[in-house]
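Q: In this note's numbering, the protein residues as written are 1 to 171.
Virtual Cβ for every residue (Gly too), placed ideally from N, Cα, C.
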Amino acid sequence: MYIHTYMHIHTYVRVPTHMQTDEQEVINFLLTTEIIPLCLRIMESGSELSKTVATFILQKILLDETGLSYICQTFERFSHVSMILEKMVKLLAKEPSTRLLKHVVRCYLRLSDNPRAREALRQCLPEQLKDATFLSALKDDGTTKKWLSQLLQNLGIESCTFSDPRLNSQQ
Numbered sequence: 001m002y003i004h005t006y007m008h009i010h011t012y013v014r015v016p017t018h019m020q021t022d023e024q025e026v027i028n029f030l031l032t033t034e035i036i037p038l039c040l041r042i043m044e045s046g047s048e049l050s051k052t053v054a055t056f057i058l059q060k061i062l063l064d065e066t067g068l069s070y071i072c073q074t075f076e077r078f079s080h081v082s083m084i085l086e087k088m089v090k091l092l093a094k095e096p097s098t099r100l101l102k103h104v105v106r107c108y109l110r111l112s113d114n115p116r117a118r119e120a121l122r123q124c125l126p127e128q129l130k131d132a133t134f135l136s137a138l139k140d141d142g143t144t145k146k147w148l149s150q151l152l153q154n155l156g157i158e159s160c161t162f163s164d165p166r167l168n169s170q171q
């Protein structure tokens, strides 16, 4: 048991180092492993730092075209990722972390690049991303505000909060 956990943690800590390079080979390899389910488990129940690293890994996978296609290939994969991201948003509304929120928003934005995922997100995007819940948390984070505004625009969702040009001009 302890050896298995240690090996998972050791691998988990080393993955972000390799993912900095955005190499296609790394993504292709990771898609053949259990890294996505492991990241999703950690995103659901890990410490804030663990959740941030796991969400970063998921974000890097999604930013790759092959990774995005893989996650959106089946409804089960997409819905599991979407469900975990939604839980994270709800938790972040109670216990804010701008660093973690940045990665969550970027994951949602990338998912919105896939036509089927975009359609599903129109129905299941958490309300906290549509209203003013994160306005104060993002007041000094122009990049995440921009990503959230783009996400809402991609989904055709009106948001007086993040589509207000005065808010976005402070970037």
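Would you call the stretch 138-153 in contact with the stretch 85-96, where contact means no fewer than 3 C-beta pairs closer than 8 Å?
A: Taking 8 Å as the limit for Cβ pairs, the verdict is that the stretch 85-96 does not touch the stretch 138-153.
Q: Going by DSSP, what residue range makes up the alpha helix (DSSP H) through residue 82?
A: 75-94 is the span of the alpha helix (DSSP H), which, as asked, contains residue 82.
Q: Residue 156: buried (16+ other C-beta within 10 angstroms of its C-beta) or exposed?
A: Exposed, because fewer than 16 other Cβ atoms sit within 10 Å of the Cβ of residue 156.
Q: Name the residue from 113, 104, 63 and 134 whose alpha carbon lies nearest to the alpha carbon of residue 28.
A: Considering only alpha carbons, the answer is 63.
Q: Roughly how many whole angstroms lie between the Cα atoms of residue 121 and residue 76?
A: The alpha-carbon atoms of residue 121 and residue 76 are separated by roughly 14 Å.
Q: Apart from the five residues just before and just after residue 159, which ones in its own chain have a Cβ nearer than 8 Å to its Cβ?
A: Only 130, 131, 149 and 152 meet the Cβ criterion.
Q: What is the DSSP secondary structure of residue 36, reduced to helix, strand or coil?
A: Three-state DSSP puts residue 36 in a helix.
Q: Using the beta-carbon count (16 or more within 10 Å), is residue 106 buried or exposed?
A: Per the 10 Å Cβ criterion, buried.
Q: Output the distance between the C-alpha atoms of residue 44 and residue 88, rounded to the nearest integer angstrom.
A: Roughly 7 Å separates the two Cα atoms.
Q: Between the Cα of residue 73 and the Cα atoms of 136, 133 and 111, which residue gives the shortest distance?
A: Ranking 136, 133 and 111 by Cα distance to residue 73 puts 111 first.
Q: How many angstroms separate the CA atom of residue 135 from the CA atom of residue 90?
A: Approximately 15 Å, taken between the alpha carbons.
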